[in-house]
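Under our numbering, think of the first position of the sequence shown as 105, with each following residue one higher.
Shown next, in structure tokens, is the structure this report addresses.
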Amino acid sequence: MSREILKARITRLKKIIAALDQTYPEVHCELDHQSPLDLLIATILSAQCTDKRVNIVTPELFKKYRSAVDYADAPLAELERAIKTTGFFRNKARNIKAACQAIVQKHGGKVPQTMEELIRLGGVGRKTANVVLGNAFGINVGVVVDTHVARLSQRLGLTKQKTPEKIERDLMTLVPQNQWTLFSHWLIWHGRRRCSARKPDCENCEIFRLCPQIGVRKSFNHG
Ligand code: SF4
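What follows is the structure, given as structure tokens:
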């Protein structure tokens with residue numbers, strides 16, 4: 105990307121950010137949690153599952169398992185039953201148990217606060233680590249790229265990349281670091297409320313004028 109193109113893209117992005125900030129002033133992580141551990145568990149459960157469904161399951165779960173030791177010591181079958189409705193429950197239960205065992209054994213029962221340590225816990229990938237660092241600890245070391253962030257970044261012409269890792273790298277170049285966590289929330293909120301995968305509501309979109317609508321079918325447009 106030439107310097108000029110990068111400069112123009114950053115200028116447009118600043119306007120997009122200002123508009124999204126104005127549209128969603130209350131933006132926040134939509135996974136309910138009270139502690140870093142809660143958020144780690146909720147994020148693991150959110151893979152291939154809606155936040156809404158996760159939020160139905162977690163109140164009981166968090167009441168029953170209050171510490172990393174509780175998850176680490178829980179019989180796998182019991183944990184599987186407790187999270188069954190979030191899907192892929194066998195894998196998720198295994199990942200939760202493995203991560204919590206590592207938290208107990210290597211981190212004194214506390215969720216670690218660095219990317220390197222988090223991704224070394226079994227079953228925790230970069231995306232989950234970014235969610236926990238950004239939302240539980242206020243540390244911006246990356247941009248969460250989920251399906252909404254990937255789709256909107258492409259439609260908005262912020263990246264041509266397809267894989268989350270490469271999209272994240274592009275976004276980290278464009279977005280100011282102190283806004284990395286907020287930025288993914290804005291795109292996730294906008295993706296859920298306006299720019300859905302199947303039928304983006306371009307006509308009523310708050311950032312219509314700033315969006316090149318890359319890959320959006322013409323029939324969705326009004327221009
Ligand atoms: S203009 Fe359309 S494609 Fe662009 S962000 Fe808005 S809804 Fe999505």
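C-beta atoms are modelled at their ideal positions from N, C-alpha and C, and glycine is treated no differently.
Note that the coordinates shown come from a computational prediction; the quantities given were computed from them, not determined experimentally.
Query raised in the report: According to the neighbour-count rule (16 or more other Cβ atoms, all chains shown, within 10 Å of its Cβ), is T218 buried or exposed?
Result: Answer is exposed; the Cβ neighbour count stays below 16.
Report task. Take G261 and list the residues in its own chain whose beta-carbon comes closer than 7 Å to its own, dropping the five residues that flank it on each side. Result -> Spatial neighbours of G261 in its own chain (CB-CB distance under 7 Å, excluding positions within 5 residues in sequence) are listed in chain order as P316, I318.
Requested in this report: For N199, count neighbouring Cβ atoms within 10 angstroms of its own Cβ and tell me buried if that reaches 16, exposed if not.
Outcome: Its Cβ being crowded by 16 or more others within 10 Å, N199 is buried.
**Report entry** A202 versus D174, N244, A186, T189, residue with shortest Cα-Cα distance
**Finding:** Ranking D174, N244, A186, T189 by Cα distance to A202 puts D174 first.
**Report entry** Nearest-angstrom beta carbon gap, P268 and V245 [assumed within contact, 8 Å]
**Finding:** Not quite, the Cβ-Cβ distance comes to about 15 Å (not below 8 Å), so this is no contact.
**Report entry** Closer than 6 Å: Q317 CB and nearest ligand 1 heavy atom
**Finding:** Answer for Q317: yes, Cβ within range of ligand 1.
Requested in this report: For T189, I'd like the list of residues in its chain whose CB is within less than 7 Å of its CB, leaving aside the five on either flank, ordered along the chain.
Outcome: Hits under 7 Å: R157, V161.
Query raised in the report: By how many angstroms is the C-alpha of R321 removed from the C-alpha of N239?
Result: Each residue's alpha carbon lies about 34 Å from the other.
Requested in this report: Could you give the DSSP three-state label for N159: helix, strand or coil?
Outcome: Note: N159 maps to helix in three-state DSSP.
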